[in-house]
Each structure stands twice: as C-alpha cells, then as structure tokens.
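In this note's numbering, the protein residues as written are 1 to 90. First up is the structure itself, then whatever we jot down about it.
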C-alpha cells in the first residue's frame with residue numbers, strides 16, 4: 001500500500017469458521033503463530049451460519065435480523081477491543 005502513514009492493523013478476525021471441518025481447525029490452529037510474527041492480534045473466530053447470508057440478503061446485520069442468534073456473541077470481544085482502543089485515543 002502507498003498510504004502514509006501506513007495503517008495499523010487492529011486485529012485479524014477469522015470468520016465463517018466451522019469447527020466440524022478439519023481444514024478450518026488446522027488453519028485456525030496455525031494462525032496465531034503466523035500473526036504473532038507480524039505482531040497482529042487475533043480474535044476468536046466468528047462461526048459460520050447461513051443466517052449471515054439470510055440477513056445480508058434483506059440488507060440487515062445479523063444483530064438486527066436475528067438478535068438472539070448465538071453468532072452475535074462472537075462479535076462481543078471484537079467490539080469491546082475496539083471500544084477500548086477508541087477510549088485510549090480520546
């Protein structure tokens with residue numbers, strides 16, 4: 001990228017993760033070591049769900065489309081981290 005200053009990467013969010021798939025488990029287990037070498041934090045994975053597609057299809061985020069869906073909880077640590085970063089900046 002040619003941006004100056006170079007943008008800081010606040011973290012990596014594995015998404016569409018399906019713990020039943022061996023390839024997903026293998027990749028997720030290898031990511032922390034790879035990202036650590038680049039000093040990029042990694043968040044917990046956001047699970048795969050067809051409800052993301054359903055919500056997107058009607059133009060809503062999952063949090064509005066299905067407020068009680070378990071995948072909504074996957075975003076809590078990400079949002080908390082971003083809120084803390086914003087508070088530190090101000």
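Cβ atoms here follow ideal geometry from the backbone N, Cα and C, with glycine treated the same way. Values in this document were obtained by computation on a predicted structure and should not be read as measured data.
For residue 49, there is no enclosing alpha helix (DSSP H), as DSSP marks it with neither H nor E.
The beta carbon of residue 85 is closer than 8 Å to those of 10 in its chain, skipping five residues each way along the sequence.
Within the region 24-84, the complete alpha helix (DSSP H) segments at least 4 residues long are 50-57 and 62-65, listed from N- to C-terminus.
For the pair of segments examined, the region 25-37 was found not to touch the region 54-62: the number of CB pairs separated by less than 8 Å stays below three.
Across the structure, residue 27 and residue 5 are spaced so that their CA atoms are roughly 31 Å apart.
Note on geometry: alpha-carbon atoms of residue 55 and residue 65 lie some 6 Å from one another.
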